[in-house]
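Just so you know, the protein sequences line up as chains H, F and A, in that order.
With the UniProt record's numbering applied, the first sequence covers 1 to 253.
With the UniProt record's numbering applied, the second sequence covers 1 to 253.
With the UniProt record's numbering applied, the third sequence covers 1 to 253.
The beta carbon of each residue, even a glycine, is placed where N, CA and C say it ideally should be.
Report on the following structure.
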Amino acid sequence: MLTLASDFGTPYPAAMKGVILQQTDARLVDVAHDFPRQDVRTTAFWLREVLPYFPPAVHLVVVDPGVGTDRAAVVVRAGEHALVGPDNGVLVPVARELAPDGEFEVFEIRGQEPASSTFHGRDVFAPAAAEVHEAGVEGFSTRPEFEATDEWVDLSFPDPDLGTDVCRGEVLAVDDFGNAVTNLPGSVLDTLPEHVAVNGQEAPVAESYAHVDAGQWLVTVGSHGNVELAVNRGRGDEAFGVEPGSPVELRAP
Amino acid sequence: MLTLASDFGTPYPAAMKGVILQQTDARLVDVAHDFPRQDVRTTAFWLREVLPYFPPAVHLVVVDPGVGTDRAAVVVRAGEHALVGPDNGVLVPVARELAPDGEFEVFEIRGQEPASSTFHGRDVFAPAAAEVHEAGVEGFSTRPEFEATDEWVDLSFPDPDLGTDVCRGEVLAVDDFGNAVTNLPGSVLDTLPEHVAVNGQEAPVAESYAHVDAGQWLVTVGSHGNVELAVNRGRGDEAFGVEPGSPVELRAP
Amino acid sequence: MLTLASDFGTPYPAAMKGVILQQTDARLVDVAHDFPRQDVRTTAFWLREVLPYFPPAVHLVVVDPGVGTDRAAVVVRAGEHALVGPDNGVLVPVARELAPDGEFEVFEIRGQEPASSTFHGRDVFAPAAAEVHEAGVEGFSTRPEFEATDEWVDLSFPDPDLGTDVCRGEVLAVDDFGNAVTNLPGSVLDTLPEHVAVNGQEAPVAESYAHVDAGQWLVTVGSHGNVELAVNRGRGDEAFGVEPGSPVELRAP
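Structure, rendered in structure tokens:
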């Protein structure tokens with residue numbers, strides 16, 4: 001199985017699929033091709049949320065603002081999964097999640113002479129992902145074009161500040177519904193009252209969206225286990241006035 | 001074969017696919033993941049138009065504004081097809097279409113302890129759909145987690161009022177081209193003149209879009225067999241000033 | 001393998017897939033379903049860029065502003081590939097690319113009685129594509145419903161005017177990043193200085209986007225081998241004030 005994720009829109013992902021299908025009969029599964037353009041951090045967040053639900057697979061990820069520069073191309077082995085993409089940190093948070101004890105290995109892809117300077121998804125990453133799939137997540141690293149390395153670009157999400165009266169964190173991502181996902185663990189809501197103040201504005205804590213009336217604000221624990229700012233049948237990001245990176249302060253009102 | 005439909009955008013459908021692929025090797029086919037957000041009625045319309053073209057399959061449908069409340073999770077057996085989703089009516093019109101004589105059976109999904117209150121697509125419906133696929137459309141209902149029920153939420157589209165001089169109906173949906181699909185059967189155009197009045201505005205009846213000039217309004221029989229309000233190379237909904245739910249009156253001018 | 005491309009958005013492509021899967025177990029791969037609505041020329045350009053990366057396949061293409069008129073439905077055999085779609089030129093540029101020496105064959109699809117006048121993607125092209133897939137790219141043409149023809153609608157892109165001091169061409173397409181792809185071959189940049197004037201405005205020639213600062217304009221050779229007008233982490237079409245069809249003049253500043 002080989003999954004694909006990018007910020008390409010269409011039709012560039014199809015060129016990658018064509019290249020891959022020249023090399024392998026693997027099942028292909030699209031994760032998303034509309035990740036925010038060249039937004040490595042948000043893509044890294046969503047990959048960490050979604051890829052762990054997959055059975056062992058090779059995951060091709062191309063959100064690559066540095067294409068054609070000297071940034072490395074890498075394969076990351078994380079447990080029974082392999083991640084293929086640019087060395088810009090986008091693969092790291094999900095690799096930590098997928099690898100037992102968070103211990104993953106990084107291999108640089110060497111010896112490529114890409115046909116273009118602007119589309120390494122097609123010319124470097126897709127052929128490498130197909131090759132890793134064919135060689136296997138265990139076996140690929142014996143091939144000379146993959147060289148183990150200890151140098152790679154890290155990326156991690158900020159830790160929240162969890163006090164007894166006040167919790168401070170930030171918005172990591174906003175989903176297509178407008179729900180604002182924070183880095184505050186859902187457990188912080190256990191010790192807070194039924195209404196909380198979010199950045200000074202009161203909102204009820206609710207089990208899910210439809211536990212409040214349509215159009216009403218709420219704070220809930222999202223499917224990722226984190227605190228989420230939402231509006232039933234509306235957009236939480238607009239109501240709470242937040243976007244990725246916005247600070248979030250949660251306290252008793 | 002297992003189809004997927006939702007209002008999720010991306011990347012949540014990929015999480016459902018990961019869960020499913022842990023349980024089955026079924027072929028997966030996306031129907032759409034951009035159905036109008038939490039719009040049960042419009043989704044029900046499109047499913048009724050599209051799913052009958054598929055060979056026997058399990059169809060996973062998650063447009064679920066009541067996620068996390070006490071609305072039931074159900075499997076509907078309709079002929080050789082099974083539909084898996086929330087009990088909010090979204091599955092009913094297509095079930096009537098797929099079942100011989102419109103007689104379908106409903107089973108409540110029991111005993112789930114979902115990991116989240118906000119993403120039952122991933123935590124309830126995807127595993128159930130995979131299980132139904134593996135057990136088979138005939139066989140799944142012998143398993144204890146599926147319990148036959150006679151209580152379920154109905155949903156039907158309004159019948160048009162077909163007079164000899166005037167036909168009154170409404171817009172059921174607007175497609176991505178802007179064509180406004182009504183609930184008036186195409187046969188009403190047989191007895192009307194070559195020009196008709198739609199809500200008081202004249203338009204020609206045409207066999208297809210390009211039978212009128214670019215930018216011109218027309219009334220035609222759409223691919224679903226119903227009267228459709230359209231503009232050649234333009235948007236019918238904007239020209240006729242209608243949206244889903246708008247009344248449509250058709251008469252000789 | 002059977003690829004699908006259209007300007008349908010959703011969910012109409014799913015109806016085509018259902019029809020196809022009634023007839024064949026072929027692997028289905030989406031190329032794109034958001035090609036600019038009824039824009040035959042832009043779709044023809046992207047197909048030419050993307051489909052040659054695929055292994056031998058049947059390619060279903062439905063961008064069909066003349067649906068329901070007397071425009072023909074055709075299958076084009078180009079090397080080991082077959083292209084199925086309307087006879088409006090959309091298949092021609094990629095057929096020239098796929099066929100050895102550019103010599104392709106055209107067959108008219110005969111004897112169809114489509115269920116609708118407005119959705120031949122579902123009622124004519126999908127069943128024909130499935131049939132071509134099952135009969136094989138060599139074998140399908142012995143069947144009576146495919147009739148060889150020498151009459152078909154041509155489509156080609158304009159040749160650029162390559163002078164020693166000035167090169168004149170035009171924008172063929174703008175991709176989802178906003179990069180404006182011209183018909184000027186990348187080789188013209190070899191003889192130009194490191195800065196060029198594009199329609200009178202100076203911009204550096206760069207190997208890839210990130211070789212200039214974020215927000216800066218650049219001229220590069222895109223993944224198709226043509227000159228591309230771009231902005232690092234921005235939209236080239238907006239910066240250079242161009243859209244498909246815009247003239248592009250390139251010279252030393």
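Limits of the unbroken beta strand (DSSP E) element including residue i
i: R48/F; result: Unbroken run through R48/F is the alpha helix (DSSP H), 40-50; no beta strand (DSSP E).
i: H81/H; result: 81-86
i: G169/A; result: 166-174
i: H133/F; result: Counting along the chain, H133/F falls outside any beta strand (DSSP E), though it belongs to the alpha helix (DSSP H) covering 126-135.
i: P247/F; result: 247-251
i: H195/H; result: 195-198
i: E113/F; result: Premise fails: E113/F is in no beta strand (DSSP E) and is neither H nor E.
i: A206/A; result: Taken as a continuous stretch (DSSP letters only), A206/A belongs to no beta strand (DSSP E), as it is neither H nor E.
i: E147/A; result: 146-149
i: R77/F; result: 73-78
i: P185/A; result: 180-185
Proximity test, Cβ basis, 8 Å: residue i and chain H
i: S6/F; result: no
i: Q112/F; result: no
i: D34/A; result: yes
i: W217/A; result: no
i: V50/A; result: yes
Contacts of residue i in chain H (Cβ-Cβ under 7 Å)
i: T43/F; result: Residues of chain H passing the Cβ test: none, with the nearest at roughly 15 Å.
i: V19/F; result: Y53
Proximity test, Cβ basis, 8 Å: residue i and chain A
i: E15/H; result: Before going further, note that residue 15/H is Ala rather than Glu in the sequence given. So yes, A15/H belongs to the interface.
i: L176/F; result: According to the sequence provided, residue 176/F is Asp. The question's Leu does not apply to it. Answer yes: the Cβ-Cβ gap between D176/F and chain A drops below 8 Å somewhere.
i: V171/F; result: no
Residue range of the alpha helix (DSSP H) that includes residue i
i: F240/A; result: 236-240
i: E97/A; result: 92-98
i: A15/A; result: 12-23
Contacts of residue i in chain A (Cβ-Cβ under 7 Å)
i: residue 284/H; result: Because chain H is modelled from 1 through 253, residue 284/H falls outside the range shown and cannot be assessed.
Proximal chain F residues relative to residue i, where beta-carbon distance stays under 9 Å
i: V67/A; result: S208, Y209, A210
i: S116/A; result: S208, V221, G222, S223, H224, G225
Residue(s) in a DSSP beta bridge with residue i
i: T3/H; result: V29/H, H59/H
i: Q216/A; result: DSSP output for Q216/A lists no bridge partner at all.
i: V221/F; result: V227/F
i: D70/H; result: According to DSSP, D70/H bridges with nothing at all.
i: E105/A; result: R77/A
i: D161/A; result: R168/A
Min CB distance residue i to chain F below 8 Å
i: T10/A; result: yes
Residue i: contacting residues in chain C (beta-carbon distance under 9 Å)
i: R122/A; result: This model lacks chain C altogether, as its protein chains are H, F and A.
Within chain F, partners of residue i - CB distance below 8 Å
i: F119/A; result: G222, S223
Where residue i meets chain A, residues with beta-carbon distance less than 9 Å
i: V29/F; result: A14, K17, G18, L21, L28
Chain H residues whose Cβ lies nearer than 8 Å to that of residue i
i: W46/A; result: P11
Give a yes or no on contact between the segment 60-68 of chain F and the segment 202-221 of chain H, applying the rule of three or more CB pairs nearer than 8 Å. yes
If we count Cβ pairs, one from each stretch, closer than 8 Å, do we get three or more for the segment 235-253 of chain H versus the segment 187-203 of chain H? yes
Would the segment 95-109 of chain A count as touching the segment 142-151 of chain A if we require 3 or more Cβ pairs under 8 Å? yes
Do the segment 236-250 of chain H and the segment 159-174 of chain H meet, that is, are 3 or more Cβ pairs less than 8 Å apart? yes
Below 8 Å, how does it come out for the segment 112-129 of chain A and the segment 16-28 of chain A: are there three or more Cβ pairs, yes or no? yes
Are the segment 224-238 of chain F and the segment 174-194 of chain F touching, with three or more C-beta to C-beta distances below 8 Å? yes
Can at least three beta-carbon pairs, one atom from the segment 35-52 of chain H and one from the segment 31-49 of chain F, be found at a separation below 8 Å? no
Should the segment 70-84 of chain F be called in touch with the segment 94-105 of chain F, which here means at least 3 C-beta pairs below 8 Å? yes
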